[in-house]
Amino acid sequence: VPQCFHFTWLGPYENKSHLPKENCESRVGDFNGIPCEMPLVATTNDSLPDVKALWHNATLNREHYLCQMSPGYSCVKYSYIFKGGSKLTHTPHIRYVCDISVYLPHAVQNITYMCAKVNSSNGCFRQRHSTGMQVEACVCTSRVGLIPCNRAPALTSRLPGLAIALLGILHTLIV
Numbered sequence: 045v046p047q048c049f050h051f052t053w054l055g056p057y058e059n060k061s062h063l064p065k066e067n068c069e070s071r072v073g074d075f076n077g078i079p080c081e082m083p084l085v086a087t088t089n090d091s092l093p094d095v096k097a098l099w100h101n102a103t104l105n106r107e108h109y110l111c112q113m114s115p116g117y118s119c120v121k122y123s124y125i126f127k128g129g130s131k132l133t134h135t136p137h138i139r140y141v142c143d144i145s146v147y148l149p150h151a152v153q154n155i156t157y158m159c160a161k162v163n164s165s166n167g168c169f170r171q172r173h174s175t176g177m178q179v180e181a182c183v184c185t186s187r188v189g190l191i192p193c194n195r196a197p198a199l200t201s202r203l204p205g206l207a208i209a210l211l212g213i214l215h216t217l218i219v
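So the sequence shown is residues 45 to 219, counted in the numbering used here.
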């Protein structure tokens, strides 16, 4: 059975000692349109997750970070990226840094890797907000025995942002 990566990278995360106490409910709360999948992951130096290294690391229990791609499902990489713009304020359930454009002009805020039922089998869908935040959902189909396809920084096709809303609705319905 093909597999997909399945976890949420928290992005820049200052107090990693709190991570064992956190779960998706505490991270997204009432913002149920924001995908979150356990386990929650933080990385050294807040670097992007190296899923290729995760896949090839025989000492790690990588099954903990994978899901089976069931019939009718696809692999999804759902990212929140700040591309600059107006200042952002702190929201209780979503961690933003004020004036982030000065320090991190193209910063990925978080990424959720998951298996989901979506209307498209391949491509990336983007939605930009006036705050400078961009939401990107990349959808793909993995093959048996190969590294999950939702590892890529971004897939090549670009389709309208409406699909992001559809993905959020579908993900909410199946979880």
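Backbone N, C-alpha and C fix where the C-beta goes; we use that ideal spot for every residue, glycine too.
Could you check if residue i is buried or exposed, using at least 16 other CB atoms within 10 Å of its CB as the buried criterion?
i, result
"Cys96", "Note on identity: in this sequence residue 96 is Lys, with Cys being the wrong assignment. Per the 10 Å Cβ criterion, exposed."
"Phe51", "buried"
"Thr103", "exposed"
"Pro93", "buried"
"Pro79", "buried"
"Ser186", "buried"
"Ser165", "exposed"
"Leu84", "buried"
"Thr63", "A small correction: the amino acid at residue 63 is Leu; Thr does not occupy that position in the sequence shown. That one is exposed."
Quick one: grab the DSSP three-state call for residue i.
i, result
"Tyr124", "strand"
"Tyr157", "strand"
"Thr88", "helix"
"Ser164", "coil"
"Ser118", "strand"
"Ala97", "helix"
"Cys182", "strand"
Does the beta-carbon distance from residue i to residue j come in below 8 Å?
i, j, result
"Cys48", "Leu110", "yes"
"Gln153", "Tyr124", "yes"
"Ala181", "Tyr122", "yes"
"Met82", "Asn67", "yes"
"Val162", "Ser118", "yes"
"Val188", "Val45", "yes"
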